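Encoded as structure tokens, the structure appears first; notes follow it.
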Amino acid sequence: MAKKVGAYICTGCGIGDALDVEALSKVATKEKKLQICKTHAFLCGPEGVELIKQDIQ
């Protein structure tokens, strides 16, 4: 199985207000050539964890 490298950016807890999440996503996918980059408002919650699990499987 080929390895995939990805990034997940949490936008909750004021992070999305403090950072330019769109710019970070572009750096991850274009400059670093990551295959996947997703944002979510609550990555540490059940929905965020499930999002990551689905991508791993």
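Per our numbering, the very first residue in the sequence shown carries number 1248; after that it's consecutive. Backbone N, C-alpha and C fix where the C-beta goes; we use that ideal spot for every residue, glycine too. Remember, it's a predicted structure, so these values are computed and weren't measured experimentally.
Residues C1284 of the same chain have their beta carbon placed closer than 7 Å to that of T1276, with the five preceding and five following residues left out of the count. Using a Cβ distance threshold of 7 Å, I1256 and T1286 count as a contacting pair. DSSP places T1286 in the strand class (E or B) of the three-state scheme.
Under the three-state reduction of DSSP, G1253 is assigned to strand. Straight across, the Cα-Cα distance linking M1248 with Q1304 is about 11 Å.
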